[in-house]
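J.:
2 protein chains.
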Amino acid sequence: MDLVAPRSARLRHLTRRGRELLGSEEAILGGAMTWVSERQLVAAISNAGGFGVLACGSMSPDLLSAEIEATRQRTDRPFGVNLIVMHPELDALIERCVEQGVGHVVFAGGLPTKDQVAHAKRGGAKVLTFAPAAAVAKRLIRIGVDGLIIEGAEAGGHIGPVSTSVLAQEVLPVVREVPVFVAGGIGHGEAIAAYLQMGAAGCQLGTRFACAAESVAHPRFKEALIRAQARDAQPTVQVDPAFKVIPVRALLNKGTQRFTAMQVETIRRFRAGELGFEEAALAIEHFWAGALRRAVVDGDVENGSLMAGQSVGMVKSVQPVAEILADLLAQAALALERLDLAS
Amino acid sequence: MDLVAPRSARLRHLTRRGRELLGSEEAILGGAMTWVSERQLVAAISNAGGFGVLACGSMSPDLLSAEIEATRQRTDRPFGVNLIVMHPELDALIERCVEQGVGHVVFAGGLPTKDQVAHAKRGGAKVLTFAPAAAVAKRLIRIGVDGLIIEGAEAGGHIGPVSTSVLAQEVLPVVREVPVFVAGGIGHGEAIAAYLQMGAAGCQLGTRFACAAESVAHPRFKEALIRAQARDAQPTVQVDPAFKVIPVRALLNKGTQRFTAMQVETIRRFRAGELGFEEAALAIEHFWAGALRRAVVDGDVENGSLMAGQSVGMVKSVQPVAEILADLLAQAALALERLDLAS
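Chains as they are written, first to last, in the working numbering: chain H, 84 to 426; chain S, 84 to 426.
1. Since T255/H meets chain S, which of its residues come closer than 8 Å, beta carbon to beta carbon?
2. Can you list, in chain order, the residues of the region 96-123 of chain H whose Cβ is nearer than 8 Å to any Cβ on chain S?
3. Cutting at 6 Å between CB atoms, please list the residues of its own chain near A311/H, excluding the five before and the five after it.
4. Under 9 Å Cβ-Cβ, which residues of chain H neighbour M397/S?
5. Taking Cβ positions, are L137/S and V125/S nearer each other than 7 Å?
6. The alpha helix (DSSP H) that contains A110/H, what's its start and end?
7. Where do the N-terminal and C-terminal ends of the beta strand (DSSP E) with H187/H fall, by residue?
8. Take S91/H and list the residues in its own chain whose beta-carbon comes closer than 7 Å to its own, dropping the five residues that flank it on each side.
9. Check whether chain H comes within 7 Å of P244/S, counting only Cβ atoms and requiring the distance to be less than that.
10. I'd like the ranges of any beta strand (DSSP E) spanning at least 3 consecutive residues and lying wholly in the region 131-184 of chain H.
11. List the residues of chain H whose Cβ lies closer than 9 Å to the Cβ of R222/S, in chain order.
12. Let's test the definition: count the other Cβ atoms within 10 Å of the Cβ of I167/H and tell me whether it reaches 16, buried, or not, exposed.
13. Determine the chain S residues that contact E237/H at a beta-carbon separation under 7 Å, and present them in chain order.
14. If you draw a straight line from the C-alpha of F162/H to the C-alpha of F134/H, how long is it?
15. Give me, in chain order, the residues of the same chain whose beta-carbon lies closer than 6 Å to that of T158/H; leave out the 5 immediate sequence neighbours on both sides.
16. Of the residues L146/H, E108/H and D145/H, which one's Cα is nearest the Cα of G132/H?
17. Kindly say whether G356/H, judged by its beta-carbon, lies nearer than 7 Å to any beta-carbon of chain S.
18. Check D85/S in the structure and name its three-state DSSP category.
19. From the DSSP secondary-structure annotation, give me the bridge partner or partners of F213/H.
20. Let's test the definition: count the other Cβ atoms within 10 Å of the Cβ of H187/H and tell me whether it reaches 16, buried, or not, exposed.
21. Could you please give the first and the last residue of the uninterrupted alpha helix (DSSP H) stretch that includes V379/S?
22. Could you tell me if E357/H is buried or exposed, where buried requires 16 or more neighbouring beta carbons within 10 angstroms of its beta carbon?
23. Can you have a look at V257/S and say buried or exposed, based on whether 16 or more other CB atoms are within 10 angstroms of its CB?
24. When you compare each of G235/S, G272/S and G240/S to R314/H by their alpha carbons, which one comes out closest?
25. Residues in its own chain within less than 8 Å of A88/S by CB, not counting five upstream and five downstream?
26. For the region 132-164 of chain H, list every residue whose C-beta sits within 7 Å of some C-beta in chain S, in sequence order.
27. Over the uninterrupted alpha helix (DSSP H) stretch that includes L279/H, give me the two end residues.
28. Which parts of the region 319-369 of chain S are runs of the beta strand (DSSP E), unbroken and 3 residues or longer, counting only runs that do not cross its ends?
29. Along chain S, which residues have their Cβ under 8 Å away from the Cβ of D323/H?
30. At a Cβ cut of 7 Å, what residues of the region 299-325 of chain H count as close to chain S, listed as they run along the chain?
31. Is it buried or exposed, R377/S, if we count other Cβ atoms within 10 angstroms and call 16 or more buried?
32. Do T290/S and G373/S have their beta-carbon atoms positioned less than 7 Å apart in this structure?
33. Please report the straight-line C-alpha distance between Q280/H and P302/H, rounded to a whole angstrom.
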């Protein structure tokens, strides 16, 4: 048994559909992280045999085009482009992907329409979307998506309400029509093996890649993640059902504390008639504007947003992407082989 | 392949250590749920081949003794007693377990001391505890515990900050000295198979058993759980770091809304100098007193606490315990056998 690179036959078998859809050597996607998943990291993941995904975030169509081009200069392997459905210029962004012959479009932050899926596929791209529940997954398959990602609340950044383990139990046994990738809280190959065994076609990881050597994130950002334990990565708190806040999982720091205090104070002012509803809701929504950039780009780990998944406790050092991938795959293969020995 | 009761050799092999520690036919524990895990449900789980665990909760030593006795009248199979470490009469409760020859003591709601573990074992009992992290697990093993339970934040009732999937990745690969059982968010045998593959010796489920035919929970409580989806089971919100609230996962209802509003209002009054710190903290802490009883016993599903794990979406009907166990084991065995076919 080769412990260095045991790409076991079982691992290859279980990831076959995932690898075929992505066109990559391994069925491991890089999670699209704003400010982090840019040309360098995305190319590094794809060059290492994984599947990098560019985070478009709030980029303009021109910026996205340039980023796609720059990524192409760094890798000739397949990579994807993640588009946020609520982006005001979504159609123009899709059109750029079509024009530039992007191979894979990943819709995030909401559900795309049938027309948007068809538009993205016009240039031959495969379309992946996030599915928050089995019923939604079935609907997405009917409108033409080629693959699904189920991302649990363990993930970093903006999160849904249901954990990865529960989504896996609810979706994997009943959604077999297209490859399903599992994301959220994954930091060790044992979990990849387990989700593959449950029917996943592959997995997506963000936090571990954010700390990769090739990641442009500020060294202080990476240090903060390496120091952190799982329990430090907590979702922001919504203090009042009247003020809808999409929870964001990030490391607790002064910024997260101030966010909670600011919500309480804003709601107090609204109740006292000092602020209108719209004004109060907007103040809460805009609090984090720029906070992720402050942490990732400027390295302000006190006041910035240290978005990270619960897998952060499994990030132990800055490693090259190729080493991270090799570790994960060796652990997954070993876990699957251990099972052989047990039978 | 027998789909009705495929107790596959692999399932038997992977659960061997768990079954030996528990002395039960299957390595499935019933989670200890206050007001729910009493003589009837506990005996039903043990009689069906699982391992029932009595929830002592805030019972007096006399009440606990009577409950142990009543359970014994209903089953001659092994079952455990769950003791809350912060119970003011913990030593007396342990002593009752020793006197009555209880086979398994499960410490919960905190960590027992070395003396408490030794005390519990004086009558020959095996001791299990909950471990919130790998380092704590190692320390507990050194003070003599015989088995560990890792319970993720997907669970119902009082929860920790880390999800089941992450705890499993962090603890299972490095803690092999004693059997480790996984709990939190489990509702399908696929997940049991996955955790066993990762090194677990068995699993613990609460929510599915709460809705069992043999559960004394009020029919309206069971109906509420059966109607609910995973996303409906949310942790209570802590609105201010100054007022420590252990989060409780329960179905959203009027009670949970009022709890959040009450916290905001209490903190406003504290900040305005209308309430002292102690007074405010106590008001928040006591809000839920009796709320679980109101829901479980009285069937008040509007204002009571509908404690439930995220597995609640996988609870589809009221089933006898034996049927729940058979379903879970068949699913787990099938998942493990599917892997054989894949290799």
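Where a beta carbon is used, it is the ideal one built from N, C-alpha and C, also for glycine.
Note that the coordinates shown come from a computational prediction; the quantities given were computed from them, not determined experimentally.
T.: With the structure as the only source:
1. Looking at the sequence provided, one finds Leu at residue 255/H rather than Thr. Result: E273.
2. H96 and L97
3. L334 and V395
4. V249, Q252 and E253
5. yes
6. Element bounds for A110/H: n/a, residue is neither H nor E.
7. H187 to A191
8. A416, L419 and E420
9. yes
10. 136-138 and 163-167
11. The premise fails here: R222/S is roughly 16 Å from chain H at the closest Cβ pair, so nothing lies under 9 Å.
12. buried
13. S246, S248 and V249
14. 5 Å
15. A126, S129 and N130
16. E108/H
17. no
18. With a pLDDT of 42 at D85/S, under the threshold of 50, the predicted position of this residue should be treated as unreliable, and no value is reported.
19. I232/H
20. buried
21. A374 to V379
22. exposed
23. exposed
24. G235/S
25. Low local confidence applies: a pLDDT of 44 at A88/S is under 50, so the model's placement there is unreliable, with the coordinate-based value given in what follows. Only A409, L412 and A413 meet the Cβ criterion.
26. none
27. G272 to Q280
28. 331-334
29. T343, A344 and V347
30. A313, R314, Q317, V320, Q321, V322, D323 and P324
31. buried
32. no
33. 36 Å
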